[in-house]
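Following: one structure in structure tokens, then a few remarks.
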Amino acid sequence: MTPKTIQHAAVRLLLGVAVLGAPAAAAAQEAIGGLDEVVVTARRTAENLQTVPVAVSAFTAEAVEARGIDTIADVADYAPNVTLDFTSPISGASSALVAFIRGIGQSDFAINFEPGVGIYVDGIYYARTIGSVVDLMDVERVEILKGPQGTLFGRNTIGGAINITTRTPGDEYSARADVTIGSFQRRDLRALVNLPLGANLAASVAVASRNRDGYVQRIPFPGWSNAEPSDLRYDGGRLSKLPNGNDLGNQNRDTIRARLAWQASEAVDVQLAYDHVRVRENSAPTTLVSVHDPFGPANPLSGLYDACALGVGPPSACENVAGVGSLVGRTPYDARFLSGSHRTTYGNGISGTAIDTHGLTASLEWRFNDTLTLRSLSGYRELDSAFGEDADESPVPLDHHGFVMNQRQFSEELQLSARTERLEGLLGLYYFRESGGIHDYVPLGSGLLQVDGPNTLVNRSTAAFGQATWHITQPWSLTFGVRYTKEDKSFNGGQHDRNSLPIKLGAPPSLFPDPSDLTLYFPPGELRQDYTNTSLRAGTEYRFTDDLFAYVSYSEGFKAGGWDTRLTSPVLVVPGFKPETATVYEVGVKAEWLDRTLRTNLAAFHTDYQDLQLIIP
Numbered sequence: 070m071t072p073k074t075i076q077h078a079a080v081r082l083l084l085g086v087a088v089l090g091a092p093a094a095a096a097a098q099e100a101i102g103g104l105d106e107v108v109v110t111a112r113r114t115a116e117n118l119q120t121v122p123v124a125v126s127a128f129t130a131e132a133v134e135a136r137g138i139d140t141i142a143d144v145a146d147y148a149p150n151v152t153l154d155f156t157s158p159i160s161g162a163s164s165a166l167v168a169f170i171r172g173i174g175q176s177d178f179a180i181n182f183e184p185g186v187g188i189y190v191d192g193i194y195y196a197r198t199i200g201s202v203v204d205l206m207d208v209e210r211v212e213i214l215k216g217p218q219g220t221l222f223g224r225n226t227i228g229g230a231i232n233i234t235t236r237t238p239g240d241e242y243s244a245r246a247d248v249t250i251g252s253f254q255r256r257d258l259r260a261l262v263n264l265p266l267g268a269n270l271a272a273s274v275a276v277a278s279r280n281r282d283g284y285v286q287r288i289p290f291p292g293w294s295n296a297e298p299s300d301l302r303y304d305g306g307r308l309s310k311l312p313n314g315n316d317l318g319n320q321n322r323d324t325i326r327a328r329l330a331w332q333a334s335e336a337v338d339v340q341l342a343y344d345h346v347r348v349r350e351n352s353a354p355t356t357l358v359s360v361h362d363p364f365g366p367a368n369p370l371s372g373l374y375d376a377c378a379l380g381v382g383p384p385s386a387c388e389n390v391a392g393v394g395s396l397v398g399r400t401p402y403d404a405r406f407l408s409g410s411h412r413t414t415y416g417n418g419i420s421g422t423a424i425d426t427h428g429l430t431a432s433l434e435w436r437f438n439d440t441l442t443l444r445s446l447s448g449y450r451e452l453d454s455a456f457g458e459d460a461d462e463s464p465v466p467l468d469h470h471g472f473v474m475n476q477r478q479f480s481e482e483l484q485l486s487a488r489t490e491r492l493e494g495l496l497g498l499y500y501f502r503e504s505g506g507i508h509d510y511v512p513l514g515s516g517l518l519q520v521d522g523p524n525t526l527v528n529r530s531t532a533a534f535g536q537a538t539w540h541i542t543q544p545w546s547l548t549f550g551v552r553y554t555k556e557d558k559s560f561n562g563g564q565h566d567r568n569s570l571p572i573k574l575g576a577p578p579s580l581f582p583d584p585s586d587l588t589l590y591f592p593p594g595e596l597r598q599d600y601t602n603t604s605l606r607a608g609t610e611y612r613f614t615d616d617l618f619a620y621v622s623y624s625e626g627f628k629a630g631g632w633d634t635r636l637t638s639p640v641l642v643v644p645g646f647k648p649e650t651a652t653v654y655e656v657g658v659k660a661e662w663l664d665r666t667l668r669t670n671l672a673a674f675h676t677d678y679q680d681l682q683l684i685i686p
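Numbering of the sequence shown is given in the numbering used here, commencing with residue 70 and proceeding in unit increments.
Structure (structure tokens):
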């Protein structure tokens, strides 16, 4: 259980200094009499939000500050049909973004699943949700685009896109900092410095540090002695080095982002950026609220463990458990481990998160003339992470989850945009490659089942996309877009059960994929999958007046398939899943009323969602 209501108080102090005046605000808002005009880049060009034929929730830097939004996960509080959570199920991680837009997304962080919602920071796609709880310390604009966005963005996104734009360094000295203190020893610091370095050259550095104690305490079980092993498959390795304090739900995250902007000429702009995030936290706050009949069908492993502990289980399973010894005579798992409070737990297993990310971005924009612009976006990212969670929240190591996941990605995107009085459009080419793996350490039933396996993946994606809008008359426009995607995946599965539980329960060796290794669950060898997809977008828009705009659109989205790696029994044929597709029909009306003091943006949509990739914990 995660506590729903935690009393929290904080005080924020804002400090700022500017030399030669404050930097000019980016084109995010422009006063127009009543409400401010919100400028977005949802279609890769600066446009008024009220004339963009896409359902968009947009937040300027001023709006982010006014609402006290600190990270991207906080934005969901102000965006309809959007769920952004920073606690991933299964892992217990507190810094793995779970993103859903209009019910489409991904709850699992594993490398073999593609996110349903694309996250872009300054145009660079974040392929993994781990470490993507982006700190909005130097944000210029946040846009949440709803529905498939494949005809304008590098990676096809089936549910929608979160587009984060950070501040471009300016030509004036400035500095800004804010400090927040609060309950549970909250101590947050954010700072931003802008540094002109010479003619047409400027840099900026933004840092953030977030620290807070947890609000669920791990306490010793009364009278407990001779504690049972709680790290059966951790082997003194990386997971044993995770944070493992007495408070769950704490926060310890440091972020740095540095940018360099160079105007090489009147026609050419070059920007370089580096970012780093370091997270060292305990797991998300949980506590045990009930224990069902262990001998019932809900959890056969807990039932088997209790049978062993009470001396009535099969000797073949209860004796000589790998790394543990006999389970006979151990403490049964029962309701004694309920602490009686949502603020305390008797869990004592490894529960922590360690994340390190590094990213390099290079962008070049070349304006040939007032009509034609070429842009290159190059990005490289590294992710190293480890998680541990005591999911049973008891002194007994009944259900422990441990994962180590590493990933490297490179992407290159070329965009050619054109804009005339009657026609505007964009053509793009995209290349993406990632490699990495996830290693599971999951002891269940005090070692009865010991999942252990390195799984590695290489994923390549190439795409060509484009979208054009033809302004037939001044108020009436037609839009058409198309995307072609090719995905190539290769996978090696290494899921094992180090205790060989099925063999001990009498399973024949013929059920195992490798007769020479009866601990191996996953068929050996490299697996490959190739996918191609063509997605379309079409629509029409009409501006009835300066304050009333309507649109109708049709869009398609695609997400590649893959393989299921979380095996708890041997298989002869690799379980896989097909690509996911979505077809969205949408109508929207955007209006401003009462001399632009009231704004209403309405959208109705229907999604035909096929081959849903459902994750069942």
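Just so it is clear, CB atoms sit at the ideal spot from N, CA and C, and this is done for glycine as well.
Quick caveat, the model's predicted, so the values are computed rather than measured.
8 Å Cβ shell around residue i - same chain, five flanking residues per side excluded
{"i": "residue 264", "result": "238, 242, 271, 272, 273 and 274"}
{"i": "residue 625", "result": "217, 219, 604, 605, 606, 650, 651, 652 and 653"}
{"i": "residue 413", "result": "285, 286, 287, 288 and 356"}
{"i": "residue 316", "result": "282, 283, 284, 285, 286, 287 and 351"}
Collapsed DSSP secondary structure at residue i in the structure displayed
{"i": "residue 133", "result": "helix"}
{"i": "residue 543", "result": "coil"}
{"i": "residue 73", "result": "The predicted position of residue 73 is uncertain, since its pLDDT is 38 and thus under 50; a value taken from the coordinates is nonetheless stated next. Looking at residue 73 - three-state DSSP - the assignment turns out to be coil, as it is neither helix nor strand."}
{"i": "residue 191", "result": "coil"}
{"i": "residue 100", "result": "With a pLDDT of only 37 at residue 100, under the threshold of 50, the placement of this residue in the model should not be trusted; the figure read from the coordinates follows. It is coil, neither helix nor strand."}
{"i": "residue 231", "result": "strand"}
{"i": "residue 274", "result": "strand"}
{"i": "residue 578", "result": "helix"}
{"i": "residue 322", "result": "strand"}
{"i": "residue 220", "result": "coil"}
{"i": "residue 534", "result": "strand"}
{"i": "residue 455", "result": "strand"}
{"i": "residue 423", "result": "strand"}
{"i": "residue 500", "result": "strand"}
{"i": "residue 111", "result": "coil"}
{"i": "residue 647", "result": "coil"}
{"i": "residue 676", "result": "strand"}
{"i": "residue 199", "result": "strand"}
Exposure of residue i, with buried meaning 16 or more beta-carbon neighbours within 10 Å
{"i": "residue 644", "result": "exposed"}
{"i": "residue 319", "result": "buried"}
{"i": "residue 459", "result": "buried"}
{"i": "residue 679", "result": "exposed"}
{"i": "residue 490", "result": "exposed"}
Residue i, enclosing alpha helix (DSSP H) - first and last residue
{"i": "residue 372", "result": "369 to 378"}
{"i": "residue 265", "result": "It is not in any alpha helix (DSSP H) - residue 265 instead sits in the beta strand (DSSP E) that spans 255 to 267."}
{"i": "residue 385", "result": "384 to 387"}
{"i": "residue 572", "result": "570 to 573"}
First through last residue of the beta strand (DSSP E) which encompasses residue i
{"i": "residue 605", "result": "595 to 614"}
{"i": "residue 206", "result": "Note, residue 206: premise wrong, no beta strand (DSSP E); not H, not E."}
{"i": "residue 484", "result": "469 to 488"}
{"i": "residue 636", "result": "No beta strand (DSSP E) contains residue 636, which DSSP labels as neither H nor E."}
{"i": "residue 351", "result": "337 to 351"}
{"i": "residue 627", "result": "617 to 628"}
Rounded straight-line distance, which links the Cα of residue j to that of residue i
{"i": "residue 98", "j": "residue 554", "result": "Confidence in residue 98 is poor, its pLDDT being 38 and thus under 50, which makes the residue's placement too unreliable to answer from."}
{"i": "residue 165", "j": "residue 198", "result": "5 Å"}
{"i": "residue 116", "j": "residue 549", "result": "18 Å"}
{"i": "residue 677", "j": "residue 586", "result": "44 Å"}
{"i": "residue 662", "j": "residue 618", "result": "12 Å"}
{"i": "residue 468", "j": "residue 351", "result": "17 Å"}
{"i": "residue 376", "j": "residue 382", "result": "5 Å"}
{"i": "residue 416", "j": "residue 130", "result": "42 Å"}
{"i": "residue 169", "j": "residue 291", "result": "42 Å"}
{"i": "residue 632", "j": "residue 181", "result": "6 Å"}
{"i": "residue 681", "j": "residue 476", "result": "25 Å"}
{"i": "residue 512", "j": "residue 226", "result": "35 Å"}
{"i": "residue 583", "j": "residue 507", "result": "21 Å"}
{"i": "residue 39", "j": "residue 338", "result": "This structure cannot settle anything about residue 39, because the visible part of the chain is limited to 70 through 686."}
Chain-order list of residues whose beta-carbon lies under 6 Å from that of residue i (same chain, five-residue window excluded)
{"i": "residue 670", "result": "659"}
{"i": "residue 561", "result": "525 and 595"}
{"i": "residue 277", "result": "204, 206, 259 and 324"}
{"i": "residue 127", "result": "107, 109, 118 and 212"}
{"i": "residue 482", "result": "223, 446 and 499"}
Any non-hydrogen atom of the ligand HEM within 7 Å of residue i CB
{"i": "residue 335", "result": "The ligand HEM is not part of the structure shown, which contains no ligands of any sort."}
Nonlocal neighbours in the same chain, by C-beta distance under 7 Å from residue i, ignoring five residues either side
{"i": "residue 391", "result": "516, 519, 567 and 568"}
{"i": "residue 96", "result": "A caution first: residue 96 carries a pLDDT of 35, below 50, which makes its placement in the model unreliable, though a value can still be read off. Closer than 7 Å at the Cβ level, and outside the excluded window around residue 96, lie 108 and 115."}
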